[in-house]
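Undergrad: In the numbering used here, the protein residues as written are 15 to 505.
#1: Of all the options 329, 148, 293, which has the alpha carbon lying nearest to the alpha carbon of residue 338?
#2: Can you give the beta carbon distance from residue 123 to residue 172, rounded, assuming they're within the 8 Å contact cut?
#3: Identify which residue in 428, 409, 427, 388 has its Cα closest to the Cα of residue 417.
#4: Along the beta strand (DSSP E) that carries residue 238, what are the first and last residues, could you check?
#5: In chain order, what residues of the same chain lie with their CB nearer than 8 Å to the CB of residue 297, ignoring the 5 residues before and after it?
#6: Rounded to whole angstroms, what's the CA-CA distance from residue 351 to residue 250? Just pull it up for me.
#7: In whole angstroms, what is the alpha-carbon distance linking residue 440 and residue 409?
#8: In terms of DSSP beta bridges, what is residue 177 paired with?
#9: Rounded to the nearest angstrom, how far is the Cβ of residue 128 from that of residue 143, given a contact under 8 Å?
#10: For residue 398, collect the residues of the same chain with a Cβ closer than 7 Å to its Cβ; drop the 5 residues on either side in sequence, then sort them by chain order.
#11: Quick check on the DSSP output: the beta strand (DSSP E) that includes residue 510 runs from which residue to which?
#12: Determine whether the beta carbon atoms of residue 16 and residue 89 lie at a separation below 7 Å.
#13: When the Cα of residue 110 is compared with those of 148, 321, 394, 343, which residue comes out closest?
#14: Identify every residue that forms a DSSP beta bridge with residue 164.
#15: Report yes if the C-beta distance between residue 59 and residue 18 is below 7 Å; otherwise report no.
#16: Look at the alpha carbon of residue 48 and the alpha carbon of residue 288, and state the distance between them as a whole number of angstroms.
#17: Around the Cβ of residue 282, are there at least 16 other Cβ atoms within 10 angstroms (buried) or fewer (exposed)?
#18: Per DSSP, residue 198 forms a beta bridge with which residues?
#19: Comparing the C-beta of residue 326 with each C-beta of chain D, is any distance below 7 Å?
#20: Can you check the stretch 211 to 296 for any alpha helix (DSSP H) of at least 4 residues that lies completely inside it and give the ranges in chain order?
#21: Could you pull out every unbroken alpha helix (DSSP H) segment of at least 4 residues lying fully inside the stretch 358 to 434, listed in chain order?
#22: Between the stretch 185 to 204 and the stretch 214 to 234, can you find at least three pairs of beta-carbon atoms closer than 8 Å?
#23: Is residue 379 closer than 7 Å to residue 406 when the C-beta atoms are compared?
#24: With DSSP as the reference, please indicate the residues paired to residue 20 in a beta bridge.
#25: Can you grab the Cα-Cα spacing for the pair residue 74 / residue 324, in whole Å?
#26: Which complete beta strand (DSSP E) runs does the stretch 87 to 113 hold, if anything under 3 residues is left out?
#27: Is the stretch 182 to 189 close to the stretch 90 to 106, with three or more CB pairs under 8 Å?
#28: Which residues in the same chain have their Cβ closer than 7 Å to the Cβ of residue 342, if we skip the five residues on either side of it in sequence?
#29: Where does the unbroken beta strand (DSSP E) through residue 185 begin, and where does it stop?
#30: Return helix, strand or coil for residue 83, following the three-state DSSP convention.
#31: By the 10 Å Cβ neighbour count, where 16 or more other Cβ atoms means buried, how is residue 257 classified, buried or exposed?
#32: Looking only at C-alpha atoms, which of 221, 115, 263 sits nearest to residue 245?
#33: Do residue 36 and residue 145 count as a contact pair if the criterion is CB distance below 7 Å?
#34: What residues match up with residue 145 in a beta bridge as DSSP calls it?
#35: What span of residues does the alpha helix (DSSP H) with residue 337 cover, start to end?
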């Protein structure tokens, strides 16, 4: 049993090293088809052990991919895009998986979960799908579609099964924040050009909704998402996506809460196990000021997330805990608020608003208890400075001082005096800072030597100094010394 890994690539120098490292864990041969790169794609592929071929780009993804398939040898093909990969620890299991189904001739390919992550941060983008990337090397298994191409059995009389397997998972970085707008603009242009030439095809509304949403054209995104939600054609593993795009587009357009909730309730009836729709419903209710309904929706979402975890709900989970914690806090239940907000911070540790809410929920606790709670959520060595600065504006002054000391002193002297409950020295420090600013400004304006500058300063100067009050003699002398110093420095 031999596996050939292949991909088509154009200017994929940034992604190919990871792709090559992944496929070397399971492939017997590697084929890379360059569709017109101007970077080091071909050189990197060759250095990584790939056979590199060239294909003149025609604007047809299926044609390019089928050209790559024709160049593949062996029994199975692993056709992951250049921005897709298996985790290093999962790559060796691919051969084991293929070997398990190799003798079952009715299994033409293996479908698995594909999760979108951000290339720069590794963050789960909250969307996933089912994708077939492993399939037999047979002449009747080919790609169809100029854009958003799909794998098809060209001999439907010969029953074939694409077997779904739970693992391994494919990770895709093509929807990363840094590149999604450019990629969506490209896909949109290709989709519209193909429609102009060939007419509307199934799933067009689905893909158009995604393109317009990524390009922040929420009116068109909502329009196509509504059509896609009611279409009989749905991409496997992404059936809920049109409702998400539809509802979120309406929210971003500032549409009435009742309109948004009508879409979400339709989605909840159709997909009652999908926690993300209840999370969005909670957000919509909160925006409407209906905190009771928001709390009910968020609690329902938490229950569903525990029973039916999914990527969209996982991405909204910190926000769910934040809103539930804030609602509990407003109800006066600080203990529940602390528990909820702590869970949220465990998922998204540097969330400023959630930390401020937690600080409010900790008011009245002993300093040692507050610090113990925060030390359990944060890395003290890494986050002490952040905690000191964030807590300095709350009523947890002693905790702020604790983390300021741990960070080696990130707060100003006046802040530390105020947090320590010493307002008199803090006031003196403030007077000194204001006086220093005053005399430097006076020196700068005096050095300018223009009538306009003197006129402005006469208006801004405190009356006591302008009138020559005796008690301000010290300040006037300081002003004179600073003027001389400033002039000497700028002579």
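The beta-carbon is built from N, C-alpha and C at its ideal position, and this holds for glycine as well.
TA: This is what the structure holds:
#1: 293
#2: So it is not a contact: roughly 13 Å between Cβ atoms.
#3: 388
#4: Per DSSP, residue 238 belongs to no beta strand (DSSP E); it is in the alpha helix (DSSP H), 232 to 243.
#5: 265, 308, 333, 337
#6: 39 Å
#7: Per-residue confidence for residue 440 stands at a pLDDT of 48, beneath the threshold of 50, marking its modelled position as unreliable; the derived number appears in the next sentence. If you take the alpha carbons of residue 440 and residue 409, they lie about 17 Å apart.
#8: DSSP, once it has assigned bridges, lists 124 as partnering residue 177.
#9: 5 Å
#10: 417, 420, 421
#11: There is no way to answer for residue 510, as the model of the chain reaches only from 15 to 505.
#12: yes
#13: 148
#14: 158
#15: no
#16: About 40 Å.
#17: buried
#18: In the DSSP output, where bridge partners are listed per residue, residue 198 has none listed.
#19: In the structure shown, chain D cannot be found, because there is only a single protein chain.
#20: 218 to 228, 232 to 243, 255 to 266, 271 to 284
#21: With a minimum length of 4 residues, the unbroken runs of alpha helix (DSSP H) contained wholly in the stretch 358 to 434 fall at 366 to 375, 381 to 391, 394 to 405, 411 to 420, 427 to 433.
#22: Because the criterion of three Cβ pairs below 8 Å is met, the stretch 214 to 234 and the stretch 185 to 204 touch.
#23: no
#24: For residue 20, the beta-bridge partners assigned by DSSP are 45.
#25: Rounded to the nearest angstrom, the two C-alpha atoms are 33 Å apart.
#26: 90 to 92, 98 to 100
#27: yes
#28: 350, 351, 354
#29: 184 to 186
#30: helix
#31: Residue 257 should be labelled buried.
#32: 221
#33: no
#34: 126
#35: 325 to 344
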